[in-house]
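Read in order, the letters of the sequence shown correspond to residues -16 to 256 in our numbering.
Ideal placement from N, C-alpha and C gives every residue a C-beta, glycine not left out.
Remember, predicted model here, so these are calculated numbers, not experimental data.
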Amino acid sequence: MYEKLSKAAQYIQSIKATKPRVGVVLGSGLGIFVDQIEDKTIIPYNDIPFFKKTTVEGHEGRLILGKVKGVEVAVLQGRLHAYEGLPMEEVVFPVRLLSILGISTLVLTNAAGGINLNFKPGDLVLIQDHINLMGKNPLIGPNNNQMGPRFPDMSHAYNPELNDIMKAVSKNLGYNIQEGVYAGVLGPTYETPAEIKMIRTLGGDMVGMSTVPETIAANHLGLKVCGISCITNMGAGIVKQTLKHEDIKEVAMKVMDHFTALLNHSIEKFGQM
């Protein structure tokens, strides 16, 4: 795995010599943020050695290298999911690659279903913690000591300092960001009403099919992690609705101004750390 990551990193560096400080993973419908990146170099996932192509609509499948507010960034426009039939080590390969390239901070974003009854579609929610309901973990198997310890601590999987910065930025922008616990499920089916009730009982505020594996792999690597969920719909059984991926992308588009402003100013602050 480490050899594959090194070869992939060498390929990227051959296209653009860069050492990004902040990595960003863009979830469903949130890819427009790439318009904010300056001095862009775009590399399709297909061109990167050992990198799998995303098959999900709304995930472009491109690595963008450039700058945001003067901070060097590496942005994954589209992510890989276990429900695409990929083993976990391939799902988290992109995040591990960003670490090899040099990032110290990772921002994970996703579209999520709201479970907390105080949430509504269009809310942005800062992830405080997560519940892994995927039945899988990307660290299963022999541990690579070059990447991290056998038993990494997850007490602060989402870095409190980064979260405080994002809350302050949001307040300065005049936007009241929510906070909550993200429940990660395998998918690809949306949850049943009974499953939504179960997740609420367990302490979940929103639910989605990503983010958890990347967070685990990033913490294993010693990266600082923060996460933002865009609530694109309420969970099954909360309101009368039929869940469709097209509707999720549409709601995500409506919060683009807040989302891009929050990321821009937060990345600027992260670059000063």
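Check for me: the alpha helix (DSSP H) holding residue i runs from which residue to which?
| i | result |
| --- | --- |
| G195 | First, the residue type needs correcting, since residue 195 is Val and not Gly in the sequence shown. Looking at the DSSP string, the run of the alpha helix (DSSP H) that includes V195 is 195 to 203. |
| D22 | Segment 21 to 27 is the beta strand (DSSP E) holding D22; no alpha helix (DSSP H) there. |
| M149 | 143 to 155 |
| V74 | 71 to 74 |
| T243 | 239 to 253 |
| M256 | Taken as a continuous stretch (DSSP letters only), M256 belongs to no alpha helix (DSSP H), as it is neither H nor E. |
| I221 | Run containing I221: none; DSSP gives neither H nor E here. |
| Q(-4) | -15 to -2 |
CB residue i to CB residue j, shorter than 8 Å?
| i | j | result |
| --- | --- | --- |
| G186 | I114 | yes |
| F102 | F34 | no |
| Q60 | E43 | yes |
| V17 | V58 | yes |
| I250 | V56 | yes |
| L122 | I20 | no |
| Y66 | G170 | yes |
| L81 | L89 | yes |
| G53 | G254 | yes |
| E197 | L48 | no |
| I148 | K252 | yes |
| V195 | I182 | no |
| N120 | M192 | no |
| S153 | L246 | no |
| C209 | Y141 | yes |
| A166 | L100 | no |
| G6 | I86 | yes |
| D112 | Q161 | no |
Pull up the CB-CB distance for residue i and residue j, whole angstroms please, since I reckon it's below 8 Å.
| i | j | result |
| --- | --- | --- |
| I25 | R45 | 5 Å |
| L(-12) | R79 | 6 Å |
| V164 | D188 | 5 Å |
| A0 | I31 | In fact, because the Cβ distance is near 16 Å, the residues do not count as touching under 8 Å. |
Assign residue i to one of two classes, buried (16 or more other C-beta atoms within 10 Å of its C-beta) or exposed (fewer than that).
| i | result |
| --- | --- |
| L84 | buried |
| I262 | Shown here, the chain extends from -16 to 256; a query on residue 262 therefore has no answer. |
| P143 | exposed |
| Y(-15) | exposed |
| V238 | buried |
| N222 | A small correction: the amino acid at residue 222 is Val; Asn does not occupy that position in the sequence shown. Its Cβ having fewer than 16 others within 10 Å, V222 is exposed. |
| P176 | exposed |
| P125 | exposed |
| T37 | buried |
| S(-3) | exposed |
| A201 | buried |
How far does the beta strand (DSSP E) with residue i in it reach, from first residue to last?
| i | result |
| --- | --- |
| M217 | 207 to 217 |
| D112 | 107 to 115 |
| M189 | 189 to 191 |
| R45 | 45 to 51 |
| Y165 | 161 to 167 |
| A95 | 88 to 97 |
| L59 | 54 to 60 |
| L9 | 5 to 9 |
For this session: Specify whether the segment 196 to 208 and the segment 131 to 149 touch according to this definition: at least 3 beta carbon pairs, one from each stretch, less than 8 Å apart.
Result: yes
Problem set entry | contact_flag[the segment 91 to 107, the segment 214 to 223] where n(CB pairs < 8 Å) is 3 or more | yes
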